[in-house]
Amino acid sequence: MPDPLTTHGELDEALTLAVDAARAYLAGLDERPLHDGDPDRAAARLRTPLPEDGDGAPAALRALVEDGLDGSVASAGPRCFHFVTGGVTPAALAADWLASTLDQNTAAWVESPLGAELERLALDWLTDLFRLPGDWGGVLTTGATMANFVGLAAARTWWGDRHGVDVAEQGLAGLPPVPVLTSGHLHSSAAKALGMLGIGRANVHRLACDAVGTLDSDALVRALAALDGAPAILVANAGEVNAGHFDPIAEMADLAERHGSWLHVDGAFGLFARTAPAAAAHAEGIERAQSVISDGHKWLNVPYDCGFAFVRDRSLLPRVFGATAAYLPPVDFERPNFAYLGPEGSRRARSLAVWATLRAYGRNGVRAMVERHLALAQRIADRVDQAPDLERLADVPLNIVCFRYRPPNIGEDALDDLNASLGEAVLADGRVFVGTTLYGGRVAFRPAIVNWRTREQDVDLLVDVIRELGARLNPA
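Everything in the sequence shown is counted per my numbering, starting at -1 for the first residue and increasing by one.
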C-alpha cells in the first residue's frame, strides 16, 4: 500500500463501511448481549505483526468490524448498569463524527474559532443548566479525574496565596501540608488528582461517622477549629458511587465561609440533580462552592471522553495552566485559549458534542431524562423490597440502588461469598452488565442508571437475572 497521500480514493469506501457498521450495530443495540463471553478471541484475531505493506483503509476497517466488534462491551446500550456509564444520544454521536472530520485542535482560539466559541457557549449553557453563577470560569476536560485536577489545582493555588507563595511557580517545597477535609465518600478520581498535584493522599482527612462513609459533621467542625484560621480545602461529594448519597453541601459551605476555606464539589453525576425538582434539594449549596466538576459522558450522554470543571475565580486557571511560549498566543478571556485554562495543550473539540446535545434537547429534555432515570431507580428499589431473596442496603436519593442477594436459607457469614460469585455469574451471563462493590463492608450490587436508552423492561430484566442466577447458585 503506497503513501496515504495517494489514497484519497479510499475515503468514500472507508466512510461507507464505517456508517454501515455503525447503523447495523446501533439497530441491534437495545437487545444486543453485553459481550460475547470471550473477549480474548477478538483480541487474538487482531493481534498480528506490524505489516510491512498495509492493506489499505477499507481492508483495515473490515478487519476491525468483522474481527474486533465482538471484543467490545455494549456499554452504549440500555442494560449497562456497571460503573456510571452513559450512552451517546443521536445528536452527540453525529456531532462527534463531525469533530473527527474537522479534526480541530481547540487549544487556542486562532486554531479553531468554532471549537473555542462552542466551548465557551457550551460552558455558559452548562452553568445555566446547573444553576451556577454565570461569571465563573470553566473548561472542558477528558472526564472527572482531570476536572477534579483542574478544580483542586485552582484550590492549591488559592491555598499557596494564603501562605504568600505562588505554588505554580515556586512549588510546595517548604510549605506545611495542605489539609484536605472530606467524608468517607471521596472518589478515587479526586484522590488521584490530589496525588498528581503533590498535595498527597496522606493529607486527606476522611471524617466519617459510620461504615458507609457518612460525613461526621462534628469532626469536621473540630478539624477546622484546630487549624486556627489556617486555610484548608474541603471536598464535598454530590452523589457517591455506591448508593448516590450526597454530603451535606450547604452545611459544608457554611463552614467553609466561616473558616475561610475552599469548598470543592465533586458532582461527576450528582450535579445533574440540580436539573430535576424531585432531586434538587440534595444538591443545594453547590452554587456557594469555589469549584465544581461533573462528567459529560455520564448523565449528559456525550461520547467518551468528556468532563467539565467550573471555578468561581476564573483568574486562577491561567495562573496554573498558562505556560506560554514565543510561538503561542497570549492569555485572552475575550478570545479564549483553552489550553491556558486546563491541563491539555492538545485538545479534541469535545465542545461540538456538548453543544449539539444541549441545542438538540434543551433544559427540558435533560430534565425529562434525569427524572425518568430517577423513576427507574425507584422501580428497581420497589422490586428489591418486594422480593423475598433480595435486600436493599441503602435508601435511593438519586439513580443508584444498592442491594444484595439474600435468600432466607443463607447465614450472614456466607452472603459476601455468595454475592461475589453471583456478581461474576451476572457478568459472564451477558444479558445485563452490573458489578459489585463493598458497602459498609458487605458485598452488594449497585446498578447506576444514566443511559438515555434505558427502559422499564431493562431494569426489570436486571432484577430478574440476578434472582434467576442467584437461585442457580443457591438451589436450596
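From the three backbone atoms N, C-alpha and C, an ideal C-beta is built for every residue, glycine too.
Thinking just about the alpha-carbon of each residue, which of the options is nearest to the one in residue i?
i: residue 117; options: 144, 354 and 311; result: 354
i: residue 94; options: 177, 299, 282 and 406; result: 299
i: residue 169; options: 184, 196, 149 and 183; result: 196
i: residue 181; options: 263, 123, 165 and 190; result: 263
i: residue 73; options: 44, 27 and 62; result: 27
i: residue 157; options: 437, 33, 425 and 314; result: 314
i: residue 175; options: 167, 184 and 154; result: 154
i: residue 162; options: 246, 229, 108 and 151; result: 229
i: residue 248; options: 420, 215, 405 and 406; result: 215
i: residue 198; options: 209, 206, 58 and 186; result: 186
i: residue 223; options: 179, 272 and 296; result: 179
i: residue 239; options: 22, 444 and 463; result: 444
i: residue 479; options: 23, 273 and 283; result: This structure gives no information on residue 479, because the portion of the chain shown stretches from -1 to 474.
i: residue 464; options: 323, 447, 428 and 131; result: 428
i: residue 21; options: 32, 70, 4 and 88; result: 88
i: residue 39; options: 416, 0 and 69; result: 69
i: residue 361; options: 14, 399 and 272; result: 272
i: residue 114; options: 34, 129, 325 and 97; result: 97
i: residue 33; options: 2, 56 and 71; result: 71
i: residue 2; options: 23, 56, 302 and 60; result: 56
i: residue 50; options: 31, 60, 0 and 14; result: 0
i: residue 268; options: 128, 61, 414 and 303; result: 128
i: residue 385; options: 324, 325, 469 and 332; result: 469
Note down the Cα distance separating residue i from residue j, rounded to an integer number of angstroms.
i: residue 307; j: residue 146; result: 7 Å
i: residue 16; j: residue 75; result: 19 Å
i: residue 368; j: residue 379; result: 17 Å
i: residue 291; j: residue 387; result: 38 Å
i: residue 165; j: residue 92; result: 42 Å
i: residue 221; j: residue 149; result: 22 Å
i: residue 317; j: residue 112; result: 25 Å
i: residue 86; j: residue 275; result: 24 Å
i: residue 409; j: residue 418; result: 15 Å
i: residue 365; j: residue 411; result: 43 Å
i: residue 293; j: residue 266; result: 5 Å
i: residue 434; j: residue 448; result: 17 Å
i: residue 297; j: residue 270; result: 7 Å
i: residue 363; j: residue 77; result: 21 Å
i: residue 476; j: residue 47; result: Residue 476 lies beyond the residue range present for the chain, which begins at -1 and ends at 474; the question has no answer from this structure.
i: residue 52; j: residue 102; result: 27 Å
i: residue 5; j: residue 45; result: 25 Å
i: residue 227; j: residue 25; result: 60 Å
i: residue 432; j: residue 29; result: 16 Å
i: residue 330; j: residue 302; result: 28 Å
i: residue 416; j: residue 422; result: 10 Å
i: residue 208; j: residue 37; result: 40 Å
i: residue 404; j: residue 413; result: 7 Å
i: residue 61; j: residue 23; result: 15 Å
i: residue 172; j: residue 202; result: 19 Å
i: residue 194; j: residue 200; result: 13 Å
Assuming residue i contacts residue j (C-beta within less than 8 Å), just tell me the rounded distance between them.
i: residue 8; j: residue 54; result: 6 Å
i: residue 81; j: residue 430; result: Wrong, their Cβ atoms sit about 13 Å apart, outside the cutoff.
i: residue 424; j: residue 467; result: 6 Å
i: residue 382; j: residue 461; result: 7 Å
i: residue 139; j: residue 305; result: 4 Å
i: residue 351; j: residue 90; result: 4 Å
i: residue 137; j: residue 356; result: Wrong, their Cβ atoms sit about 17 Å apart, outside the cutoff.
i: residue 358; j: residue 402; result: With a Cβ gap of about 39 Å, residue 358 and residue 402 do not count as contacting.
i: residue 327; j: residue 108; result: 6 Å
i: residue 125; j: residue 135; result: Going by Cβ atoms, the distance from residue 125 to residue 135 rounds to 10 Å, so no, they are not a contact pair.
Quick check: residue i and residue j, are their CB atoms within less than 8 Å of each other?
i: residue 334; j: residue 319; result: no
i: residue 120; j: residue 349; result: yes
i: residue 217; j: residue 232; result: no
i: residue 19; j: residue 63; result: yes
i: residue 242; j: residue 395; result: yes
i: residue 236; j: residue 188; result: no
i: residue 337; j: residue 151; result: no
i: residue 345; j: residue 104; result: yes
i: residue 347; j: residue 184; result: no
i: residue 213; j: residue 245; result: yes
i: residue 407; j: residue 446; result: no
i: residue 277; j: residue 35; result: no
i: residue 84; j: residue 295; result: yes
Kindly confirm or deny that the stretch 451 to 466 and the stretch 371 to 386 touch, where touching means at least three C-beta pairs closer than 8 Å.
Flag = yes, the stretch 451 to 466 and the stretch 371 to 386 touch.
For the structure I just gave you, are there three or more beta carbon pairs, one from the stretch 248 to 262 and one from the stretch 281 to 291, closer than 8 Å?
Yes: at least three Cβ pairs fall under 8 Å.
Could you tell me whether the stretch 434 to 441 touches the stretch 383 to 398, using the rule of 3 or more Cβ pairs below 8 Å?
With three or more CB-CB distances shorter than 8 Å, the stretch 434 to 441 counts as touching the stretch 383 to 398.
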